[in-house]
Amino acid sequence: MRIFILDKTVSRTSYDEHMSLMWVLNYNRFTKENLSRYRASQDYFGFFPTNRPQFKVKDLTLYSDEQLDSISQYYDMFYYTDAYGVYSNEWYLKGDINERSSLIYGGANFSEVTLMEKIFQQRKLLIGEFNLVASPTPYDVRKALEDLFQFRYTGWTLRYYPELDTAKNQDIPKWMVRLHDQTQENRWNYKGPGIAYVSEWGTVFILTKEKDLISEIPVINTKKKYAEYYKIPEFLRYPFWQDVVIPYSESNVIANYKVHTNERGDSFLQYYKIPKIYPAVIGDSAENLRFYFAGDFSDNPIGYISSYFKGIYWLRKLFYNNQDFNDRRKFFWEYYQPLLQKIFYDYYLRKERIDRTNPRPLPKRTSTVQRSIEIPDFSRENKILISSQIIDYQESSIPYGVRKMQALLSQKTSATSATGSAFNTYEIEYEDSRTTEKSASKTPVDSTTTYSTKETKKDQQVPSTEKESKTSASPSPLPQSEQTKQSPSAPTNVATPSSKSTDSPRTLPTLTSPKEHAAEQQEKPYISQKAFIDRLVVLTRNGAFIRGRDYFGQNGTIPSTSATTSGISTDKKSVSASWMVIIGSFTSEENARAFAAINPSYEIIKLPGTPYFRVVYKSYNSLREAKADVASIKSEFPDAWLLRI
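Structure, rendered in structure tokens:
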């Protein structure tokens, strides 16, 4: 079989992130077209370690759409083992690998999404794995991958630690302890085993075995019919990194994780709106050609030489310690190897008989608000049921982001204005080209949750958003209907956009479907401000393109005249704009202009080498100022995110 293997997390020559996959291929005698065996050091795409600090990269960034189409026709299957990437502390060995560092290479891009979509449409085997949709993958790419694999990423990841005492367990990352102390009232002084939950916006909380857990390790619960079919155990402990996702359809779920919490642990999960049961393996109930593993499945320390011995599987219990919960080899021998072997054999035996004359339609772009999961309330007598709602978007040639913007514009919008210490709130409805206003009660506007798309994955990574204030880890003992979730970083008073009266009916702008964009050149989020400004191109309201150095000034500052024309509010004559709130990203300039026409103060920026036209809501001098406004902005634009320059 011709297999396209993509691994961007190869900081060592042991090739841990895809060695297990190579073992399965070699053990089952799956070879390349010339009958040679797959080699872990060569037969993959991604990051190639050479002589430090030198490295090589082989990926799809510069491939055209025609080339990607040719690649999709050549290969029989696609396996994305890891998109986490390589970071400076790991590669250059200049710092603590348990501390945060800048990204060297990593994250999925649109060229890879395009190839995966073509593989899917041609009815070929497609497999993705943990960390594919999380940081450092851009938000736009994440949404496309979520639709392709039919799930939604909640932003939470977790891992079990046998010892939470940092003096005894050096594997606990320092950034995790620091973020915990910043977002919780109590400091990190835990003892014994427990589970660490980490969010992509910087919140960390701990469930300990002593106080919060009935069973200390998360369990993979495979549905009985699938356990019998794939010959894998129905129950198996899995203590390693896993992401919390919500499937579009329960029929696609092959196996679920379950965290066994007591009444106190349930209150934590309910407070943060995290399910106790969530998918571990998501399949393809329609054609059995697409799989997503919501865990670090392929990262197992297995010796490649043993794959040459036929029948060694029957001696597998000699190669792992059944009493050691952190021994990854047990998971490999009992779960990963038989599961992947069966998937490969099923596809290999029928791949020549699959009818590929008519392309398989891409999955419907749906959004799961919440999954129906029963979570015990603080009292055992009361239980709540989180309702499930699926929003279907009709098939259209207009991209998902544009259609979502149209849906937002057609919904109700609210405008608020400050009057003294209270706010006058008006609800404006647009129906049948008529505008009606409904006056609401005068209540202050409270910020709820502050989000930002940052790094939160494995031990060497940390979310970039540092919390400025602390909040309690223990949820309020009030009923669900009376609880008000407060963000750790949310300010008490947030400035809201002033209300605007509308004298004429509001009409939706005419949007055009963009042309097929060129292959994306991957952005590097960690570059100097001066280098970023030198590469930046700003599209002003009069339709002119201005170089970043001219727009911001030679020293990275915005002159007072530029501030007036750009619509950036400032009291100083020149400030350094280092943070921007992005409310829309488009591959078509026409669509970006149509979106920005809603408000004359919006600006459009475009980074050279990328197909994106990004709409800027406002620019800020510091992260603190940006975080103060982002909560109120998200009430109008839920998908708004921060861009650092």
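The sequence shown: position 338 = 338 (full-length UniProt numbering), numbered continuously.
Positions of the beta carbon are idealized from the N, C-alpha and C atoms, including for glycine.
Whole angstroms are fine: how far does the CA of residue j sit from the CA of residue i?
i: residue 641; j: residue 143; result: 14 Å
i: residue 362; j: residue 121; result: 7 Å
i: residue 174; j: residue 99; result: 6 Å
i: residue 472; j: residue 324; result: In this predicted model, residue 472 has a pLDDT of only 40, less than 50, meaning its place in the structure is not dependable; the value taken from the coordinates is given anyway. So the two alpha carbons sit approximately 34 Å from each other.
i: residue 210; j: residue 137; result: 36 Å
i: residue 625; j: residue 17; result: 39 Å
i: residue 39; j: residue 320; result: 24 Å
i: residue 247; j: residue 149; result: 9 Å
i: residue 13; j: residue 596; result: 48 Å
i: residue 31; j: residue 344; result: 12 Å
i: residue 644; j: residue 322; result: 47 Å
i: residue 298; j: residue 103; result: 22 Å
i: residue 283; j: residue 621; result: 45 Å
i: residue 502; j: residue 602; result: With a pLDDT of 42 at residue 502, under the threshold of 50, the predicted position of this residue should be treated as unreliable, though the coordinate-derived value follows. Spanning the two alpha carbons is a distance of roughly 19 Å.
i: residue 187; j: residue 196; result: 14 Å
i: residue 638; j: residue 309; result: 54 Å
i: residue 185; j: residue 266; result: 19 Å
i: residue 633; j: residue 616; result: 12 Å
i: residue 215; j: residue 315; result: 29 Å
i: residue 647; j: residue 172; result: No statement about residue 647 is possible, as the shown extent of the chain runs from 1 to 645 and does not include it.
i: residue 342; j: residue 312; result: 17 Å
Is residue i helix, strand or coil when you go by DSSP?
i: residue 338; result: helix
i: residue 60; result: coil
i: residue 130; result: coil
i: residue 392; result: The pLDDT assigned to residue 392 is 38, lower than 50, so where the model puts this residue is not dependable, and the model offers no usable value.
i: residue 120; result: helix
i: residue 606; result: strand
i: residue 644; result: strand
i: residue 10; result: coil
i: residue 633; result: helix
i: residue 150; result: coil
i: residue 350; result: helix
i: residue 333; result: helix
i: residue 82; result: strand
i: residue 243; result: strand
i: residue 39; result: coil
i: residue 142; result: helix
i: residue 415; result: Residue confidence is low: residue 415 scores 36 on pLDDT, short of 50, so the model does not pin down where it sits. Its coordinate-derived value is still stated next. It is a strand residue.
i: residue 157; result: strand
i: residue 278; result: strand
Which residue marks the beginning of the beta strand (DSSP E) containing residue i, and which one marks its end?
i: residue 599; result: Neither: residue 599 is in no beta strand (DSSP E) and is coded neither H nor E.
i: residue 256; result: 253 to 258
i: residue 618; result: 613 to 620
i: residue 222; result: 219 to 222
i: residue 183; result: From DSSP, residue 183 is part of no beta strand (DSSP E) but of the alpha helix (DSSP H) over 174 to 183.
i: residue 27; result: Residue 27 -> not in any beta strand (DSSP E); alpha helix (DSSP H) instead, spanning 16 to 27.
i: residue 579; result: 579 to 586
i: residue 102; result: Note, residue 102: premise wrong, no beta strand (DSSP E); not H, not E.
Provide the residue span of the alpha helix (DSSP H) that contains residue i, from first to last.
i: residue 265; result: 263 to 271
i: residue 71; result: 65 to 74
i: residue 249; result: First-last for residue 249: undefined, no H or E at that position.
i: residue 88; result: 88 to 91
Does the Cβ-Cβ distance between residue i and residue j come in under 8 Å?
i: residue 101; j: residue 87; result: yes
i: residue 145; j: residue 113; result: yes
i: residue 217; j: residue 237; result: yes
i: residue 157; j: residue 241; result: yes
i: residue 705; j: residue 339; result: Here the chain covers residues 1 to 645 and nothing more, so residue 705 does not appear.
i: residue 219; j: residue 273; result: no
i: residue 139; j: residue 47; result: no
i: residue 1; j: residue 348; result: yes
i: residue 631; j: residue 613; result: no
i: residue 79; j: residue 127; result: yes
i: residue 635; j: residue 332; result: no
i: residue 205; j: residue 221; result: no
i: residue 212; j: residue 154; result: no
i: residue 285; j: residue 251; result: yes
i: residue 129; j: residue 81; result: yes
i: residue 56; j: residue 50; result: yes
Confirm the yes/no value for this check: CB of residue i, any heavy atom of the ligand MN, distance under 7 Å.
i: residue 59; result: No copy of the ligand MN appears in this structure; indeed no ligand is present at all.
When you compare the CB of residue i with every CB in chain C, is at least one pair closer than 8 Å?
i: residue 191; result: The chain labelled as chain C is not found in the depicted structure, where only one protein chain is given.
Requested in this report: Would you check if the segment 189 to 208 and the segment 155 to 164 touch, i.e. whether three or more CB-CB distances between them fall below 8 Å?
Outcome: yes
Query raised in the report: Is the segment 304 to 314 touching the segment 276 to 283 in the sense that three or more CB pairs, one from each, lie closer than 8 Å?
Result: no
Query raised in the report: Below 8 Å, can you find three or more Cβ-Cβ pairs linking the segment 334 to 351 to the segment 60 to 67?
Result: no
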